[in-house]
Amino acid sequence: MTTPDPGSRPSLAKTSSAATDDDSSRLGRAGSFSLDVERRNIGLGLRGYVNKIRGGDPGALPSVLGLIVLGLIFSQVSDRFLSKGNIGALPGQGAYIALIALGLVFVLLLGEIDLSAGTLGGICASFAAQAIVSDGLRGGIPGQTLLFPIMLILMLVALALGVWQRTWIGVGMVVLGLLLVLVGLDKHVVLALLFSICVGAAVGIITGFLVAKVGIPSFIVTLALFLAWQGVVLFALNGNPIGTNNYPFWYGLTHNNMSVFWSWVFAVVVGGGYLVYTVFRSFRAQQRGLAADTYGLVFLRGGLILLAALVLTFLAVQNRNPNPNFVIQGIPWAASIPIALMIVCSIALTKTTWGRHLFATGGNTEAARRAGIDVTRIKISAFIASSSFAAVGGAFLASYQGSASLDLGAGNILLFSVAAAVIGGTSLFGGRGKARDAVIGALVIVIIPNGILLRPSLPAQYQNVITGVVLLIAAAVDALSRRRARTR
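Numbering follows UniProt numbering, with no gaps: position 414 of the sequence shown is 414.
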């Protein structure tokens with residue numbers, strides 16, 4: 001019997017070492033635990049974006065394409081559509097829709113709705129206007145002795161509910177509003193508008209409590225408030241509209257522009273800031289071995305946005321007035337303020353625990369509750385955001401119209417705002433949407449009447465027809481993309 005030579009067999013230590021080295025090499029070839037191994041160049045990155053769209057997540061692409069198509073159509077309808085003067089007027093015409101839609105995004109992400117946003121904006125602007133002309137509201141609203149005490153009681157109720165549910169930002173805003181009105185500081189224009197936002201936050205606490213804690217469907221609660229606020233506006237204004245054109249700050253929200261210098265600063269900060277942020281985000285992700293776009297793709301995307309910001313600013317700082325004796329130039333405040341608030345909302349939704357909880361609650365409420373998320377508090381906070389933005393939108397609407405009118409915020413304002421959020425890409429089913437959707441959708445909404453009015457031969461009735469068709473297409477895209485995502 002032949003005995004094998006011990007020296008011819010590999011030792012156990014050598015075998016283990018070789019296996020370990022082989023495993024390490026395989027792990028090294030697989031990448032440093034990266035989820036984005038294939039996205040190493042611009043082509044593969046773009047292909048990944050196409051696959052994302054095919055997977056049922058089109059994002060803002062449909063609304064952007066719709067915006068381009070409408071722009072091309074109306075540029076053929078009237079040669080004035082792409083003029084500097086008309087483009088400069090678009091922000092003032094659509095700022096209030098964008099702002100109200102920004103607030104609605106928070107509620108829609110939960111699969112809820114706020115039908116009272118438009119008329120609530122009218123209420124808040126009416127209180128601000130009345131506070132200015134009445135030298136403050138603490139002396140009461142002329143002709144309406146009970147309205148001011150009732151308003152104070154409701155704000156105190158909102159304060160108590162906010163403390164109970166620990167919605168501290170809402171609590172802080174209500175406290176600020178009470179201080180402004182009781183001290184008498186609401187007689188100043190800026191502080192009166194700030195007070196109106198605080199009133200909106202108070203209403204949001206109460207609305208959110210009725211929906212999230214009491215359990216009344218948001219459709220019913222906000223529909224009831226939509227009807228009620230239209231009557232309260234008449235009481236707040238004492239049956240008489242109040243002009244806003246005499247107050248430079250309020251008037252300037254939709255009619256004035258930034259200076260040329262600050263227009264360039266704003267463009268560089270927004271466009272350059274986005275580029276720097278995306279590069280830094282990609283760098284950190286790659287350092288941690290996480291999914292990240294390549295630098296080429298990051299610079300391409302960020303560079304295009306920066307270039308667009310600079311080109312639009314270059315056009316904005318040109319004189320838009322045919323009369324050379326009166327210069328109109330600079331980025332309109334009606335554009336810069338919504339864009340700045342959109343950025344703040346984007347950060348809140350994507351970079352905070354609250355934002356992640358909001359998406360989780362909208363995606364699956366029961367799963368979020370079992371994961372330990374305070375669903376009630378999240379829902380109330382979303383309605384606080386919606387109502388606060390409604391108040392800001394109401395101030396811009398009063399500025400654009402030139403007065404706090406008796407029907408301020410009524411009519412199609414709410415419908416257009418909801419349509420803006422949905423057309424922009426926010427899902428009606430909850431769990432999907434971005435702050436940018438409101439701004440893009442509002443631009444689509446405002447372009448339609450603007451383009452039609454530039455051609456007097458086109459009947460004004462086309463406005464509602466075209467808007468309805470665009471909204472229906474957006475809702476269909478949302479439903480089909482969700483179905484496609486479920487089947488993959």
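Think of the CB as a built atom: it goes at the ideal place given N, C-alpha and C, for glycine as much as any other residue.
Handout entry: Rounded C-alpha distance that separates Phe33 from Thr352
Key = At Phe33 the pLDDT is 36, less than 50, meaning the model places this residue with poor confidence; the figure from the coordinates comes in the next sentence. In a straight line, the C-alpha of Phe33 is about 25 Å away from that of Thr352.
Exercise for the section: Consult DSSP for residue 517 and reduce its assignment to one of helix, strand or coil. Expected result: Nothing can be reported for residue 517: it is not among the residues displayed for the chain, which extend from 1 to 488.
Exercise for the section: Give a yes or no on contact between the segment 365-377 and the segment 83-91, applying the rule of three or more CB pairs nearer than 8 Å. Expected result: no
Handout entry: According to DSSP, residues forming a beta bridge with Ala404
Key = Ile242
Practice task
Check the C-beta distance from residue 533 over to Gly204 and give it rounded, since I have them as a contact under 8 Å.
Solution key: Lying outside 1 to 488, the shown extent of the chain, residue 533 is not represented and no answer is given.
Handout entry: Member of Gly393, Ala202 and Ile445 whose CA lies at the smallest distance from the CA of Val465
Key = Ile445
Problem - Alpha-carbon to alpha-carbon, Ala101 and Ile113 - result: 11 Å
Exercise for the section: On a CA-only basis, which of Ala267, Trp262, Gly303 and Asn256 is nearest Thr278? Give me that one, please. Expected result: Gly303
Practice task
Identify, in the order they occur along the chain, each residue of the same chain with its Cβ nearer than 7 Å to the Cβ of Arg320, setting aside the five sequence neighbours on each side.
Solution key: Lys84, Gly85, Gly88, Ile328 and Gln329
Handout entry: CB contact below 9 Å: Leu99 versus chain C
Key = The structure shown contains no chain C, having only a single protein chain.
Exercise for the section: Determine the extent of the alpha helix (DSSP H) in which Val189 is found, giving its start and end residues. Expected result: Val189 to Phe209
Problem - Spatial distance of Leu408 from Ala442 (CA atoms) - result: 19 Å
Handout entry: Reduced DSSP category for Ile141 - H, G, I as helix; E, B as strand; rest coil
Key = strand
Handout entry: Any 3 or more C-beta pairs closer than 8 Å across the segment 161-173 and the segment 116-130
Key = no
Problem - Thr350 burial status per 10 Å Cβ neighbour count (16 or more: buried) - result: exposed
Practice task
Please confirm if the segment 385-399 is in contact with the segment 188-205, defined as three or more CB-CB distances below 8 Å between the two stretches.
Solution key: yes
Problem - Member of Val183, Leu108, Gln144 and Ala228 whose CA lies at the smallest distance from the CA of Arg138 - result: Val183
Problem - Cβ shell of Thr467 (< 6 Å), same chain only, five flanking positions each side left out - result: Ile448
Problem - Simplified DSSP assignment, three categories, for Pro248 - result: helix
Handout entry: Which of helix, strand or coil DSSP assigns to Asn257
Key = strand
Exercise for the section: Could you tell me whether the segment 236-255 touches the segment 398-408, using the rule of 3 or more Cβ pairs below 8 Å? Expected result: yes
Exercise for the section: Flag this pair as yes or no: are the beta carbons of Ala125 and Ala395 separated by less than 9 Å? Expected result: yes
Practice task
State buried or exposed for Ser259, treating a residue as buried only when at least 16 other CB atoms are found within 10 Å of its CB.
Solution key: exposed
Practice task
Quick one: residues in its chain with C-beta nearer than 7 Å to the C-beta of Val221, no 5 flanking neighbours on either side, listed in chain order?
Solution key: Thr207, Leu210 and Val211
Exercise for the section: Look at the alpha carbon of Ile413 and the alpha carbon of Leu406, and state the distance between them as a whole number of angstroms. Expected result: 14 Å
Handout entry: Pick from Ala202, Ala435 and Val105 that is closest to Leu154, judged by C-alpha positions
Key = Ala202
Practice task
Enumerate in chain order the residues of its own chain whose CB-to-CB distance from Leu185 is below 7 Å, with the five nearest sequence positions on each side excluded.
Solution key: Leu191
Handout entry: Those residues which DSSP pairs with Pro332 across a bridge
Key = Asn257
Problem - Touching by the beta-carbon criterion (3+ pairs, under 8 Å), the segment 305-312 and the segment 65-82 - result: no
Exercise for the section: Would you decide whether Asp135 is buried or exposed? Buried here means 16 or more other CB atoms lie within 10 Å of its CB. Expected result: exposed
Exercise for the section: Measure from the alpha carbon of Arg436 to the alpha carbon of each residue in Gly170, Val105 and Val171, then state which is nearest. Expected result: Val105
Practice task
Use the C-beta contact count for Ser75: other C-beta atoms within 10 angstroms, 16 or more gives buried, fewer gives exposed.
Solution key: exposed
Exercise for the section: Keeping to the same chain, check which residues put their C-beta closer than 6 Å to that of Asp23; ignore five residues upstream and five downstream. Expected result: Low per-residue confidence applies at Asp23: pLDDT is 45, beneath 50, and the placement is therefore not dependable, though the value from the model is reported in the following sentence. For Asp23, where only same-chain residues beyond five positions count, there are no Cβ hits under 6 Å.
Exercise for the section: Just the C-alpha distance for Phe81 and Leu458, rounded to the nearest angstrom, thanks. Expected result: 14 Å
Problem - Where Gly409 sits in the DSSP three-state scheme - result: coil
Exercise for the section: Mind reading off the beta-carbon distance from Ser78 to Leu454? Whole number of angstroms is fine, and I expect it under 8 Å. Expected result: 4 Å
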